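**Student:** Structure incoming, see below.
Residue numbers (the numbering used here): 72 to 589.
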């Protein structure tokens, strides 16, 4: 009984600490708004979760739950960045050293952390469910609210995926190098790998009556089987393979089929239970590494990393800048940033530069994107450097220090983005001026938004997530950070977004300076 009391105390305290942060309520608001747009009327130009591009289930509790369970794929991505960090905070603040002196076992502590992660994700998902129930009543296609049918897809399809997300949040907190930008990028790649495995399982669902459900962490193949079995008798035309998660319907009228009840196939249950148990076992496997992670974190905090302190050429190159106060500050920013870069970073920059010069147009655009991603951690933490190092009260106590530092740091980020893509800029300035202008606009916009988001949220995570999502979409051809896909659109987009970032930065930076200076 005492062990249970300690377990519940950790869950309760951790949950309270989480729900009191602005980040949690921003996530609640974002999910609520997204959930409302997931249930458009029949006359809308799109629909969520459809078959053959025009068929969807009638808005009943069962279909509302299905839609929210399938769109939780994105919650498994955003939720990771929402819940991660509590284990690292306990280690860094020495709370773990106090807890380890109590009779509490390591497995109990980690299980409590995992459950608190799940509770936070459940609250965020619950906001979507509440909005989904309101949408069902508002649309009026089936106004009877059935809580069992509403919750069934969430518990069977959504919960295992969120359990994995909560487990990964613990694992990524154990390694110091995974707590920063590298961990954010690595989880995004891991999430893409799970998404690819889900897509492969969906193709096997089209090819075989019973796909391998153990390769289905998000429950997509389970939904695919169930909805096709229920909808096929009600649809006259042949069902095309797969389904769409977001379909344009501008040229076709939306048609509905009855989906008032989901009959769960017994063979689907072992696969869902497998992922839930895998997450629990993954949490238990963290226990032997907990003390080692705490020891490594303590030793790393006292180690001085001289990075690239031997870059004498950098001091010589930046010497002409040091003829004015602003130039000296800009040179200091560049030296402080670049001297911490490892050898592999410089080699990667060199490889990207060669590809920008010698590759095809598309390869050069992707090389420019890679160069910007190499600076992701620099951009994401630019507004938080003094907070992380604890030097804010000293640095910001000087007269007009806040404005000077902001100007120098913004100039450093823009200059870094331009220099790393200079081969492509020079190449396209002669052959495709619009593309070169788009590259320049992206470099300036990324610098502005990195500072704006870091200042407004006082966290590096929002910009890291945004950059990863934009990079993924750009690699797939979207003209967001891909200057060669549609140069005019890219240039217009970033020129329009830049003033918004400047306004946010102009408003929030003085507040950050005042808060950190005291």
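Ideal placement from N, C-alpha and C gives every residue a C-beta, glycine not left out.
Computed from a prediction, not measured in an experiment: that's the story for all the values here.
Just to confirm, is the Cβ distance from residue 575 to residue 527 under 8 Å?
**Tutor:** Locating residue 575 in the chain shown gives position 504, counting from the first residue. Locating residue 527 in the chain shown gives position 456, counting from the first residue. A contact, by the Cβ cut-off of 8 Å.
**Student:** Is residue 543 helix, strand or coil when you go by DSSP?
**Tutor:** Here residue 543 refers to the residue found at position 472 when the chain shown is read from its first residue. Of the three classes helix, strand and coil, the one that applies to residue 543 here is helix, per DSSP.
**Student:** Identify which residue in 249, 537, 137 and 189 has its Cα closest to the Cα of residue 517.
**Tutor:** On the chain shown, position 446 is the one that residue 517 refers to. Per the Cα distances, 537.
**Student:** Taking the Cβ atom as the reference point for each residue, do residue 333 and residue 241 lie within a distance shorter than 8 Å?
**Tutor:** Sequence index remark: in the chain shown, residue 333 carries index 262 (1-based). Sequence index remark: in the chain shown, residue 241 carries index 170 (1-based). No, they are not a contact pair.
**Student:** What separation, rounded to the nearest whole angstrom, lies between the Cα atoms of residue 81 and residue 173?
**Tutor:** Your numbering for residue 81 matches position 10 in the chain shown. Your numbering for residue 173 matches position 102 in the chain shown. Straight-line Cα distance between these residues: approximately 13 Å.
**Student:** With DSSP as the reference, label residue 412 as helix, strand or coil.
**Tutor:** Locating residue 412 in the chain shown gives position 341, where the first residue counts as 1. Residue 412: coil per DSSP, three-state reduction.
**Student:** To which residues of the same chain is residue 420 closer than 8 Å at the C-beta, ignoring the five residues directly before and after it?
**Tutor:** Walking along the chain shown from the start, residue 420 turns up at place 349. The residues are 442, 445 and 491.
**Student:** Would you kindly work out how many angstroms separate the C-alpha atoms of residue 217 and residue 328, rounded to a whole number?
**Tutor:** Along the chain shown, read from residue 1 onward, the residue named residue 217 stands at position 146. Along the chain shown, read from residue 1 onward, the residue named residue 328 stands at position 257. Computed Cα separation, rounded: 18 Å.
**Student:** From this set, 261, 578 and 123, which residue's C-alpha is nearest residue 308's C-alpha?
**Tutor:** Position 237 of the chain shown, counted from the first residue, corresponds to residue 308. Residue 123 is the option with its Cα nearest to residue 308.
**Student:** Exposed or buried, what is residue 136 when buried is set at 16 or more other beta-carbons lying within 10 Å of its beta-carbon?
**Tutor:** Here residue 136 refers to the residue found at position 65 of the chain shown. That one is buried.
**Student:** Should the region 199-208 be regarded as contacting the region 98-118, the criterion being three or more beta carbon pairs within less than 8 Å?
**Tutor:** A contact exists between the region 199-208 and the region 98-118.
**Student:** Excluding five sequence neighbours on each side, which residues of the same chain lie with their C-beta closer than 6 Å to the C-beta of residue 436?
**Tutor:** Here residue 436 refers to the residue found at position 365 when the chain shown is read from its first residue. The answer, listed in chain order, is 553, 554 and 555.
**Student:** Shortest alpha-carbon distance to residue 542 belongs to which of 447, 579 and 319?
**Tutor:** Numbered from 1 along the chain shown, position 471 holds the residue referred to as residue 542. Here the closest residue by C-alpha is 447.
**Student:** Just tell me which of 195, 76, 144 and 128 has its CA closest to the CA of residue 97.
**Tutor:** Within the chain shown, numbered from 1, the residue matching residue 97 stands at position 26. Looking at the Cα atoms, 195 is the closest of the given residues.
**Student:** Could you name the residues of the same chain whose beta carbon sits closer than 6 Å to that of residue 326, not counting the 5 residues immediately before and after it, in chain order?
**Tutor:** On the chain shown, position 255 is the one that residue 326 refers to. Here the set comprises 125 and 126.
**Student:** With a CB to CB cut of under 6 Å and the five nearest residues on each side skipped, what residues in its chain are close to residue 64?
**Tutor:** The displayed coordinates of the chain run from 72 to 589. Any statement about residue 64 would go beyond what the structure contains.
**Student:** Can you tell me whether DSSP reads residue 164 as helix, strand or coil?
**Tutor:** What you label residue 164 is simply residue 93 of the chain shown in a count that begins at 1. Note: residue 164 maps to coil in three-state DSSP.
**Student:** Suppose the cutoff is 6 Å on Cβ atoms and the five residues either side in sequence are ignored; what does the same chain contact list for residue 102 look like?
**Tutor:** Indexing the chain shown from 1 puts residue 102 at position 31. Within the same chain, residue 102 has close Cβ partners 195, 198 and 199.
**Student:** Would you mind giving the Cβ-Cβ distance between residue 231 and residue 155, rounded to the nearest angstrom? I have them listed as a contact below 8 Å.
**Tutor:** Taking the first residue of the chain shown as position 1, residue 231 is located at position 160. Taking the first residue of the chain shown as position 1, residue 155 is located at position 84. Not really, about 19 Å apart at Cβ, beyond 8 Å.
**Student:** Which residues share a DSSP beta bridge with residue 436?
**Tutor:** Counting from 1 along the chain shown, the entry for residue 436 is found at position 365. Residue 436 pairs with nothing; no bridge assigned.
**Student:** Within the continuous alpha helix (DSSP H) that includes residue 126, where are the two ends?
**Tutor:** Counting from 1 along the chain shown, the entry for residue 126 is found at position 55. Where residue 126 is concerned, there is no enclosing alpha helix (DSSP H), although the beta strand (DSSP E) it sits in stretches over 126-128.
**Student:** With contact counted as at least three CB pairs below 8 Å, one residue from each stretch, are the region 253-265 and the region 173-183 in contact?
**Tutor:** These segments do not touch.
**Student:** Note down the Cα distance separating residue 380 from residue 100, rounded to an integer number of angstroms.
**Tutor:** As a first step, residue 380 must be located in the chain shown, where it is residue number 309. As a first step, residue 100 must be located in the chain shown, where it is residue number 29. Legend: pLDDT at residue 380 = 49, less than 50; position of this residue unreliable, value from coordinates given subsequently. Rounded to whole angstroms, residue 380 to residue 100 spans 45 Å at the Cα level.
**Student:** Helix, strand or coil, according to DSSP, for residue 582 in the structure here?
**Tutor:** Locating residue 582 in the chain shown gives position 511, where the first residue counts as 1. Reduced to three states, the DSSP call for residue 582 is helix.
**Student:** Would you please state the rounded distance, in angstroms, between the beta carbons of residue 583 and residue 529? I believe it to be under 8 Å.
**Tutor:** Taking the chain shown and counting its residues from 1, the one referred to as residue 583 is at position 512. Taking the chain shown and counting its residues from 1, the one referred to as residue 529 is at position 458. With a Cβ gap of about 7 Å, residue 583 and residue 529 count as contacting.
**Student:** Check whether the region 144-163 touches the region 348-356, taking contact to mean three or more Cβ pairs, one atom from each stretch, closer than 8 Å.
**Tutor:** Contact between the region 144-163 and the region 348-356 is absent, because fewer than three Cβ pairs lie under 8 Å.
**Student:** Going by beta carbon distance, what residues of the same chain come within less than 8 Å of residue 310, once the five residues before and after it are set aside?
**Tutor:** Locating residue 310 in the chain shown gives position 239, where the first residue counts as 1. The answer, listed in chain order, is 122, 123, 299, 302 and 303.
**Student:** Leaving out five residues before and five after residue 129 in sequence, what residues of the same chain have Cβ atoms less than 8 Å from its Cβ?
**Tutor:** Against the chain shown, residue 129 aligns to sequence position 58. Contacts found: 212, 213, 327, 328, 329, 330 and 331.
**Student:** Judging by CA-CA distance, which residue of 415, 564 and 297 is the nearest neighbour of residue 337?
**Tutor:** Looking up residue 337 in the chain shown gives position 266. The residue with the shortest Cα to Cα distance from residue 337 is 297.
**Student:** For the alpha helix (DSSP H) holding residue 95, just list the boundary residues, first then last.
**Tutor:** Within the chain shown, numbered from 1, the residue matching residue 95 stands at position 24. Unbroken alpha helix (DSSP H) run through residue 95: 93-108.
**Student:** For residue 569, I'd like the list of residues in its chain whose CB is within less than 8 Å of its CB, leaving aside the five on either flank, ordered along the chain.
**Tutor:** Translated into positions along the chain shown, residue 569 becomes position 498. Around residue 569: 512, 515, 516 and 519.
**Student:** Give me the Cβ distance between residue 411 and residue 385, rounded to the nearest whole Å; I'm assuming they're in contact under 8 Å.
**Tutor:** Your numbering for residue 411 matches position 340 in the chain shown. Your numbering for residue 385 matches position 314 in the chain shown. 12 Å between Cβ atoms; not a contact.
**Student:** Taking the alpha carbon of residue 145 as the reference point, which residue from 486, 289 and 160 has its own alpha carbon closest?
**Tutor:** Position 74 of the chain shown, counting from 1, holds the residue named residue 145. With distances taken between Cα atoms, residue 145 lies closest to 289.
**Student:** Are the beta-carbon atoms of residue 401 and residue 483 separated by less than 8 Å?
**Tutor:** What you label residue 401 is simply residue 330 of the chain shown in a count that begins at 1. What you label residue 483 is simply residue 412 of the chain shown in a count that begins at 1. Yes, these two residues count as a Cβ contact at 8 Å.
**Student:** Name the DSSP bridge partner or partners of residue 591?
**Tutor:** Outside the shown range of the chain (72 to 589) lies residue 591, about which nothing can therefore be said.
**Student:** How would you label residue 219, buried or exposed, when you count the other beta carbons within 10 angstroms and need 16 or more for buried?
**Tutor:** By one-based count along the chain shown, residue 219 stands at place 148. Residue 219 comes out exposed.
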